[in-house]
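Protein chains in written order, with my numbering: chain F, 1 to 114; chain R, 1001 to 1113. Note that CB positions come from ideal geometry on N, CA and C, so glycine has one too. The structure presented is a predicted model; accordingly, all values stated were derived computationally and were not measured.
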Amino acid sequence: GNSVTQMEGPVTLSEEAFLTINCTYTATGYPSLFWYVQYPGEGLQLLLKATKADDKGSNKGFEATYRKETTSFHLEKGSVQVSDSAVYFCALSPSTSGTYKYIFGTGTRLKVLA
Amino acid sequence: DAGITQSPRHKVTETGTPVTLRCHQTENHRYMYWYRQDPGHGLRLIHYSYGVKDTDKGEVSDGYSVSRSKTEDFLLTLESATSSQTSVYFCAISEGGANQPQHFGDGTRLSIL
């Protein structure tokens, strides 16, 4: 079946450090992949997406590349800020589903210290 | 931001009482979803809708029912609330299509005592 695995958190970094949050997936066909961010007390917000192999999604300094050969979609940012502290979710939308039910990872909490 | 409103935003109730949560959208999207979010579980799909009066179960549907009589409204009902249903509930909408993102409301924090 389809699944998404994210690295356990929390991830604690100092401001301006490099960020990587790992995400791997299992799916048949060619799913679309997404990263969402959730700030305290809010819903999930779409951060970036990639819809085919080798696509790179980017937004607000965050990047992720759809790697079919390693079934991965790792989130990276070159220099994190305190305001990036949040929970990050990796998700996939199976290509074979007609109802577009997403599969979400369990989330990774990021804490950025000043 | 996508026009999604969840109500109420917070609710405290007692075991055995009925509870209805409302999701209202102004985007005219076909697909609507209800999730619950619990520590260690991420988001789990409760029910979803793919059109007016067209709904189906998700992975954790026991104890929940839904209705969608209009494109813009999707209701989630707990017929007889239990403490295990204490959670944060999120509504999401989507235009449909595997590469279309879901957009989320701000959630309802439900506590069942």
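Would R/G1105 be called buried (16 or more neighbouring beta carbons within 10 Å of its own) or exposed? Indexing the second sequence from 1 puts residue 1105 of chain R at position 105. So R/G1105 ends up on the buried side.
With a CB to CB cut of under 8 Å and the five nearest residues on each side skipped, what residues in its chain are close to F/A91? For the purposes of this step, residue 91 of chain F is identified with residue 91 of the first sequence, where counting begins at 1. V4, L33, F34, W35, Y36, Y102, I103, F104 and G105, listed in sequence order.
Listed by chain order, chain R residues near F/S95 by CB distance under 7 Å: What you label residue 95 of chain F is simply residue 95 of the first sequence in a count that begins at 1. Within 7 Å Cβ-Cβ: A1098.
Under DSSP, the beta strand (DSSP E) around R/Y1064 begins and ends at which residues? One-based indexing of the second sequence puts residue 1064 of chain R at position 64. Y1064 to K1070 is the extent of the beta strand (DSSP E) around R/Y1064.
Beta-bridge pairing of R/F1035 - partner residues as DSSP gives them: Here the question's residue 1035 of chain R lines up with position 35 in the second sequence. Note that residue 1035 of chain R is Tyr in the sequence shown here, rather than Phe. DSSP lists R/L1045 and R/F1090 as partners of R/Y1035.
Compare the C-alpha of R/D1073 against each of R/D1038, R/V1052, R/V1019 and R/E1095 and name the closest. On the second sequence, residue 1073 of chain R is found 73 positions in, with the first residue counted as 1. Per the Cα distances, R/V1052.
For F/E42, go through chain R and note every residue whose CB falls closer than 7 Å to its CB, in chain order. Looking up residue 42 of chain F in the first sequence gives position 42. What F/E42 touches in chain R: D1106.
Closest Cβ-Cβ distance between R/L1110 and chain F: below 9 Å? To locate residue 1110 of chain R, count along the second sequence from 1; it is residue 110. Not one chain F Cβ lies under 9 Å of R/L1110.
With a threshold of 9 Å between beta-carbons, can R/F1090 be considered close to chain F, or not? Start at 1 with the first residue of the second sequence, and residue 1090 of chain R comes out as number 90. Using a Cβ-Cβ cut-off of 9 Å, R/F1090 counts as an interface residue toward chain F, since at least one Cβ of chain F sits closer than that to its own.
Can you tell me whether DSSP reads F/V87 as helix, strand or coil? Along the first sequence, one-based indexing puts residue 87 of chain F at 87. Reduced to three states, the DSSP call for F/V87 is strand.
Could you tell me which of F/S95, F/E8 and F/V82 sits nearest to F/Y30, measuring between CA atoms? Looking up residue 30 of chain F in the first sequence gives position 30. When each option's Cα is compared against that of F/Y30, the closest is F/S95.
Once DSSP output is grouped into helix, strand and coil, what is the label at R/Q1102? Working through the second sequence from its first residue, we reach residue 1102 of chain R at position 102. It is coil, neither helix nor strand.
Looking only at its own chain, which residues have a Cβ that is under 7 Å from the Cβ of F/A27, when we skip the five neighbours before and after it? Your numbering for residue 27 of chain F matches position 27 in the first sequence. Cβ within range, chain order: N2, L92 and P94.
Alpha carbon of R/P1039 to alpha carbon of F/G9, nearest angstrom: Against the second sequence, residue 1039 of chain R aligns to sequence position 39. Against the first sequence, residue 9 of chain F aligns to sequence position 9. So the two alpha carbons sit approximately 12 Å from each other.
Give me the Cβ distance between R/T1066 and R/S1049, rounded to the nearest whole Å; I'm assuming they're in contact under 8 Å. Counting from 1 along the second sequence, the entry for residue 1066 of chain R is found at position 66. Counting from 1 along the second sequence, the entry for residue 1049 of chain R is found at position 49. It is worth fixing the name first, because residue 1066 of chain R is Val in this sequence and not Thr. Contact flag correct, Cβ pair sits at about 7 Å.
Chain-ordered neighbours of F/Y66 on chain R, where CB pairs are closer than 7 Å: Here residue 66 of chain F refers to the residue found at position 66 of the first sequence. The premise fails here: F/Y66 is roughly 11 Å from chain R at the closest Cβ pair, so nothing lies under 7 Å.
Is the beta carbon of R/Q1006 less than 9 Å from the beta carbon of R/G1107? Numbered from 1 along the second sequence, position 6 holds the residue referred to as residue 1006 of chain R. Numbered from 1 along the second sequence, position 107 holds the residue referred to as residue 1107 of chain R. At the C-beta level, R/Q1006 and R/G1107 come within 9 Å of one another.
At a CB distance below 8 Å, what residues from the region 1045–1068 of chain R approach chain F? Give them in sequence order. L1045, Y1048, Y1050, D1056 and G1058
Please tell me whether R/T1055 and R/R1068 are closer than 9 Å, where the distance is taken between their beta carbons. Walking along the second sequence from the start, residue 1055 of chain R turns up at place 55. Walking along the second sequence from the start, residue 1068 of chain R turns up at place 68. Yes, Cβ-Cβ distance for R/T1055 and R/R1068 is below 9 Å.
Consult DSSP for R/S1007 and reduce its assignment to one of helix, strand or coil. One-based indexing of the second sequence puts residue 1007 of chain R at position 7. DSSP, reduced to helix, strand and coil, places R/S1007 within a strand of the structure shown.
So F/G57 is in the beta strand (DSSP E); what residue range does that whole segment cover? As a first step, residue 57 of chain F must be located in the first sequence, where it is residue number 57. It spans K56 to N59 - the beta strand (DSSP E) in which F/G57 sits, taken as one unbroken run.
Since F/A64 is in the beta strand (DSSP E), which residue starts that stretch and which ends it? The count along the first sequence starts at 1 and reaches residue 64 of chain F at position 64. Element bounds for F/A64: F62 to T65.
Leaving aside the five residues before and after R/K1070 along the sequence, list all residues of the same chain whose C-beta is less than 8 Å from its C-beta, in chain order. Along the second sequence, one-based indexing puts residue 1070 of chain R at 70. V1052.
Which residues in chain F have a C-beta closer than 8 Å to the C-beta of R/P1101? List them in chain order. Along the second sequence, read from residue 1 onward, the residue named residue 1101 of chain R stands at position 101. Simply F34, L46 and K49.
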